[in-house]
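These notes concern the structure reproduced below.
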Amino acid sequence: MKLYMSARAPNPRRVAMFAAEKGLQIPEQMIDIMSGEQRSDSYRAKNPLARVPALELDDGRVLCETRAICTYLEGLQPEPNLMGTDFEERAFIEMADRRMELHLFAPVANAARHTHPALAVLESPQIAEFGAVQSARVREAVAWLDEVLARQPYVAGGRFTIADITAFCALEFAKGLIRFRPGQEGFAHVQAWRDRIAERPSAKAGN
55 MKLYMSARAP
65 NPRRVAMFAA
75 EKGLQIPEQM
85 IDIMSGEQRS
95 DSYRAKNPLA
105 RVPALELDDG
115 RVLCETRAIC
125 TYLEGLQPEP
135 NLMGTDFEER
145 AFIEMADRRM
155 ELHLFAPVAN
165 AARHTHPALA
175 VLESPQIAEF
185 GAVQSARVRE
195 AVAWLDEVLA
205 RQPYVAGGRF
215 TIADITAFCA
225 LEFAKGLIRF
235 RPGQEGFAHV
245 QAWRDRIAER
255 PSAKAGN
């Protein structure tokens, strides 16, 4: 297998962190998205949508989309379990993960891509007003998440799961590119949770 990744990009970091939690070491090939390498003919032959990450399997097939790759890795290495042990737990973990992806991760990415000058190469045209709205959506999602984490230790409940990985990678991306730090804006429970997750060895993967 081979993982096509990009340094400091949040979706590849999600896969790197997931794989690290599993103890999996997969050969990587870095794709320089800032120079447009993802749009090269050679990479588009693997992923026509020109996105990272992508996982090339030993039989030549290429699996794209972050959660699909994580599902494959979960099947390849079931323990430690990160996506649910039965259908009920899988459903609730997926709900939590999708909420993090749709209501936190996506607004963070949109806010960064439309407001940070360095990312103009990835988002043309940048629309500052849209970026500002997305930044507000980030804070709305974190306010809700702060209430969740006041009641339970992890995003999906009582244990660490893929939902924590999605939320953590979103917030780390926000910290650098839209200057958002939960503790500085009154979200103490999210900040305490973030600090605990940052202590995990996997938190350094893909950083």
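Residue numbers (this note's numbering): 55 to 261.
By construction, the Cβ of each residue, glycine as well, lies at the ideal position given by its N, Cα and C atoms.
With which residues is residue i paired in a DSSP beta bridge?
{"i": "A108", "result": "Y58 and C118"}
{"i": "G211", "result": "Y208"}
What is the DSSP secondary structure of residue i, counted as helix, strand or coil?
{"i": "Q83", "result": "strand"}
{"i": "G129", "result": "helix"}
{"i": "R254", "result": "coil"}
{"i": "T139", "result": "coil"}
{"i": "L176", "result": "coil"}
{"i": "R191", "result": "helix"}
{"i": "A221", "result": "helix"}
{"i": "P64", "result": "helix"}
{"i": "D113", "result": "coil"}
{"i": "S94", "result": "coil"}
{"i": "G230", "result": "helix"}
{"i": "F184", "result": "helix"}
{"i": "N164", "result": "helix"}
For residue i, count neighbouring Cβ atoms within 10 angstroms of its own Cβ and tell me buried if that reaches 16, exposed if not.
{"i": "A122", "result": "exposed"}
{"i": "E253", "result": "exposed"}
{"i": "G77", "result": "exposed"}
{"i": "G185", "result": "buried"}
{"i": "F222", "result": "buried"}
{"i": "E194", "result": "exposed"}
{"i": "P64", "result": "buried"}
{"i": "L57", "result": "buried"}
{"i": "Q188", "result": "buried"}
Ordered along the chain, which non-local residues of its own chain (more than five positions away) have a Cβ less than 7 Å from that of residue i?
{"i": "A166", "result": "L173, F227, L231 and I232"}
{"i": "Y126", "result": "L109 and L117"}
{"i": "T220", "result": "R68, D151, M154, E155 and F159"}
Quick one: residues in its chain with C-beta nearer than 6 Å to the C-beta of residue i, no 5 flanking neighbours on either side, listed in chain order?
{"i": "S60", "result": "P66, I85, I87 and V106"}
{"i": "A224", "result": "L158, F159 and V162"}
{"i": "A210", "result": "I147, A150 and A217"}
Is it the case that the region 213-222 contacts the region 119-139, given that we only count it when at least three CB pairs across the two stretches are under 8 Å? yes
Measuring CB atoms only, is the region 111-119 touching the region 175-182, in the sense that at least three cross pairs come out at less than 8 Å? no
Would you check if there are 3 or more beta carbon pairs closer than 8 Å linking the region 245-260 to the region 89-96? no
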